[in-house]
Amino acid sequence: MLMTFVAVALVVVLGCGKKEKKAPAEKTEVVEEAQKEVSKPSAEMNDGIYVEITAYMYYLPDKYSKKYGELWQTKAVAIEEYTAEPEKLYKKYGITTDAYSNYEEQLKEDVEHYTKLKERVNKRAEELSKAEK
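Residue numbers (numbering that gives the first Met the number 0): 0 to 132.
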């Protein structure tokens, strides 16, 4: 009888302890996973896509200046086309505005890497400008 009581007591104590530990662990895992998703760069974005999109955006004023003249900002049709360009780029690369913005903000946390990427962006923007001539 004493052995039965001890066995039941062990099952209850150990069994209940496991249930209590699992619930908080699962909640903790869910919270940790959500935090990882918020803090990690978008899986859609990478340095190459960032460089291409940013370089093209840097190049756009030059493109519109060549297409519509130096005062292109005063022409409604040029402004309309110009403001639609970023969305076209995001669609082309299969990303969202938020993905791009979040990626850029995370890049700024590593100043050295961000600076190197901006150098690549400038070089690529120059290539785009020269290619159109």
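The beta carbon of each residue, even a glycine, is placed where N, CA and C say it ideally should be.
Everything numeric in this text was worked out from a predicted model, so none of it was measured.
Give me the residue from 68, 74, 73, 100 with the minimum Cα distance to residue 86. 100
Check this for me: beta carbons of residue 98 and residue 43, under 7 Å apart or not? yes
Alpha carbon of residue 55 to alpha carbon of residue 108, nearest angstrom: Residue 55 and residue 108 have their C-alpha atoms some 23 Å from each other.
Suppose the cutoff is 6 Å on Cβ atoms and the five residues either side in sequence are ignored; what does the same chain contact list for residue 77 look like? 63, 67, 71
For residue 49, which option in 116, 131, 84 has the closest C-alpha, if you only look at C-alpha atoms? 116
Checking 7 Å against the spacing of the C-beta atoms, do residue 57 and residue 130 come in under that value? no
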